[in-house]
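*Asks:* So the sequence shown is numbered by my numbering: it starts at 126 and just counts up by one.
In this text, a Cβ means the ideal position worked out from N, Cα and C, and glycines have one as well.
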Amino acid sequence: MTHDSVGLGGFKVPPGRTSKLWWQMSLSDDRIKDRFSEWLRDLARHMARSGRYCSWRVIQIELRFMQGIREAATCFSDAAIRSELDALCRDAQRSGGAIFMARTQGESALPASGC
Numbered sequence: 126m127t128h129d130s131v132g133l134g135g136f137k138v139p140p141g142r143t144s145k146l147w148w149q150m151s152l153s154d155d156r157i158k159d160r161f162s163e164w165l166r167d168l169a170r171h172m173a174r175s176g177r178y179c180s181w182r183v184i185q186i187e188l189r190f191m192q193g194i195r196e197a198a199t200c201f202s203d204a205a206i207r208s209e210l211d212a213l214c215r216d217a218q219r220s221g222g223a224i225f226m227a228r229t230q231g232e233s234a235l236p237a238s239g240c
């Protein structure tokens, strides 16, 4: 068994299949790209409804830089999704009251700022 034929967990990958994980694969198929973008937008909507985020920009930063999802850089280029996420964030924060972020060492527990 060659290194190329070993996949995740040491299982043999069938001929013609890739041993890459789904997030390492190229998104060359338009249907896959569309489905992934819709999944990413649904995730962003869920995040906005949580009340932990104050705008689409903060959600994009979380997805792109903190979670490592590069596609988040271009997923929110449409003004309609940005407006929708901002409205969801505002509604969630209004209904949930003040949002407090988890303290790190040396910080006080103040409401999230910058929004």
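#1: On the premise that R170 lies in contact with L213, defined as a C-beta separation below 8 angstroms, what is that separation, rounded to the nearest angstrom?
#2: Closer than 6 angstroms by C-beta to Q230: which residues in its own chain qualify, once you throw out the five before and the five after it? Chain order, please.
#3: Alpha carbon to alpha carbon, how far is L188 from R245? Give it in angstroms, no decimals.
#4: Considering only residues of the stretch 173-229, which uninterrupted alpha helix (DSSP H) runs meet the minimum length of 4 residues and lie entirely inside it, listed in chain order?
#5: Here's the rule: buried if 16 or more other CB atoms are within 10 angstroms of the residue's CB, otherwise exposed. What is Q185?
#6: What distance in whole Å lies between the Cβ atoms of R166 and G200, which are believed to be in contact at a cut-off of 8 angstroms?
#7: Going by Cα to Cα distance, which pick from S162, R160, S175 is closest to R219?
#8: Assuming A217 and A173 form a contact by the criterion Cβ under 8 angstroms, report the distance between their Cβ atoms to the nearest whole angstrom.
#9: Going by the CB atoms, is the gap between D203 and S180 shorter than 8 angstroms?
*Replies:* According to the structure shown:
#1: Indexing the sequence shown from 1 puts residue 213 at position 88. Indexing the sequence shown from 1 puts residue 170 at position 45. Correct: roughly 6 angstroms between the Cβ atoms.
#2: As a first step, residue 230 must be located in the sequence shown, where it is residue number 105. Note that Q230 has pLDDT 48, beneath the 50 cutoff, so the model's placement of it is unreliable and the number below is only indicative. No residues qualify anywhere along the chain.
#3: With the chain covering 126 to 240 only, the question about residue 245 has no answer from this structure.
#4: 181-186, 197-200, 204-221
#5: Indexing the sequence shown from 1 puts residue 185 at position 60. Looking at its Cβ environment, which holds 16 or more other Cβ atoms inside 10 Å, Q185 is buried.
#6: For the purposes of this step, residue 200 is taken as the residue at position 75 of the sequence shown. For the purposes of this step, residue 166 is taken as the residue at position 41 of the sequence shown. Here residue 200 turns out to be Cys, not Gly, going by the sequence shown. About 6 angstroms separates the beta carbon of C200 from that of R166, a gap short enough to meet the 8 angstroms contact definition.
#7: One-based indexing of the sequence shown puts residue 219 at position 94. Cα-wise, what sits closest to R219 is S175.
#8: Within the sequence shown, the letter at position 92 stands for residue 217. Within the sequence shown, the letter at position 48 stands for residue 173. Yes, A217 and A173 are in contact; Cβ-Cβ is about 6 angstroms, under 8 angstroms.
#9: The count along the sequence shown starts at 1 and reaches residue 180 at position 55. The count along the sequence shown starts at 1 and reaches residue 203 at position 78. No, they are not a contact pair.
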